[in-house]
DNA sequence: CGTCCTGCGTGACAAATATCACAGGATAGC
DNA sequence: GCTATCCTGTGATATTTGTCACGCAGGACG
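Residue numbers (our numbering), protein chains in the order written: chain A, 49 to 256; chain B, 49 to 256.
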């Protein structure tokens, strides 16, 4: 935990110690699921290293990408769970190998009243996630697939800090709730426009 | 304020008094805008009477309905604003004549640490709005217009406690970010299926 | 009464997206 | 090398939704 302190510069000293004492550090492999839709929430999760993606699933197995969690980010849902409502409605999956800090909900509820900086952390987290969800809604509601695809690529470039995304059209189609063929065609157009280059195992983003 | 106490049965005595002392009661007419997209947030708003709708707007003037606030509901966005981020990204408009309690943000931040029940109120509010947003996303992402229209009608019936919605197809089209003609056709089909009856100034919901 | 406005209904058409069918290329395992 | 598997590209076609053009009905108001 000591090595992750820099992620939480705003948390006060006592809280830093408590995080260390009460939290359990969990390493997860890429692809592993941290929180399953429908599962009960008993712990708050904070990402320490790696990248986690959150997505919504429906009954027919369709899924829909919501947003990423980066080191220092807390999982909004699990941050403010209270006793009355504890079922998760989203799925969290590790994109890369990741490290997560897990804290029992009983702790965090105390912290909320005890530490002003924890309150700010939670509030800030929720606010950002909420805004990000709104942005997502904007895109589904107002934009066409081509624009949404570009946004998807930009977002993933930013999240992974790389211009080369090792990702298949099939995966993209799933996360945008579209179909592989559509993504394939749009991607071809992006390539023609010189915005991306199609590599044999991935996509290089040139200018977006 | 005294007359609205029953809306907050869970808030502790001292907090009830503070709400009364520090809050300002505001009456708004149907159609009036309470919170404009892009506007700064300085106050927390809690609905005491009437019905408020929240919607998202984009640059081209398209809008998109998000959810309703009923008496007893707080505006999630304004509840957890902190100093760092104060611009609203949604618009709030009174659907019917309404009454709203307005409390300066400085107050509510104190309450958060002072009153456990306030903390629960905020957490519960945020949680519900978040879930509602997710539900909305589900509908745009996974469903066709006909299903979304039915959902829209059910939601509004529940919010207004009536089977007769006095609303034009044009309005519905706007809130679903569709077009009048599409809604017109779908509505006709709903009528043929016996699910609604088209009145001369509105829609009667029969079985949905 | 005319005329202006707003909302509705509808046919024809266009655009976006989904689906189906099929073929080829790469690769891992035997 | 053979085969199974996964990903891709692409044409043909269906479905859904949006857009355009038009006419009609009713209410407000001079």
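Virtual Cβ for every residue (Gly too), placed ideally from N, Cα, C. The model shown is predicted, which means the values in this text are computed figures rather than measured ones.
Against chain B, a Cβ distance below 7 Å from residue 137/A picks out 179, 182.
For residue 98/B, the three-state secondary structure derived from DSSP is coil. Ranked by how close their Cα comes to the Cα of residue 94/B, the residues 110/B, 74/B, 113/B have 74/B in first place. Sixteen is the threshold: since fewer than 16 other Cβ atoms of the shown chains lie within 10 Å of the Cβ of residue 218/B, the residue is exposed. By the Cβ-count criterion, residue 175/B is buried, with 16 or more other Cβ atoms from all chains shown falling within 10 Å of its own Cβ.
When DSSP reads this structure, residue 146/A sits in a beta bridge with 76/A.
Contact annotation for residue 200/A against chain B: no contact, minimum CB-CB distance about 13 Å [criterion: below 9 Å]. In terms of Cβ geometry, residue 153/B and residue 88/B do not form a close pair [threshold 8 Å]. In this structure, the alpha-carbon of residue 121/B lies about 12 Å from that of residue 101/B.
With a 10 Å radius around the Cβ and a threshold of 16 neighbouring Cβ atoms, residue 249/A comes out exposed.
By the neighbour-count criterion, in which a residue is buried when 16 or more other Cβ atoms sit within 10 angstroms of its Cβ, residue 65/A is exposed. The residues 67, 163, 165, 166, 169, in chain order, have a CB closer than 8 Å to that of residue 59/A in the same chain once the five nearest residues on each side in sequence are set aside. DSSP, reduced to helix, strand and coil, places residue 209/B outside both helices and strands of the structure shown, so it counts as coil.
In the DSSP assignment, residue 138/B falls outside any beta strand (DSSP E) and carries neither an H nor an E. Just measuring C-alpha positions, the residue of 147/B, 179/B, 212/B, 160/B sitting nearest residue 98/B is 147/B. Residues of the same chain with a CB within less than 6 Å of the CB of residue 204/B, apart from the 5 flanking positions on each side, are 213 in chain order. Sixteen is the threshold: when 16 or more other Cβ atoms of the shown chains lie within 10 Å of the Cβ of residue 222/A, as they do, the residue is buried. Between residue 76/A and residue 139/A, the alpha-carbon positions lie close to 15 Å from each other.
With its beta carbon at least 8 Å from every one in chain B, residue 228/A lies outside the interface. In terms of beta-carbon proximity, residue 186/A lines the interface with chain B, with at least one pair separated by less than 8 Å. Looking at the DSSP output, residue 158/B bridges to nothing.
Using beta-carbon distances, residue 174/A counts as an interface residue toward chain B, with a partner under 8 Å. In the three-state reduction of the DSSP assignment, residue 105/B falls in the strand class, which pools E and B. With fewer than 16 neighbouring CB atoms inside 10 Å of its own CB, residue 237/B falls in the exposed class. DSSP links residue 93/A through a beta bridge to 150/A. Residue pairing by DSSP places residue 192/A in no beta bridge whatsoever.
Contact note: residue 160/B reaches chain A through 167, using a C-beta cutoff of 7 Å and chain order.
The C-beta distance from residue 185/B to residue 184/A rounds to 7 Å, short enough to fall under 8 Å.
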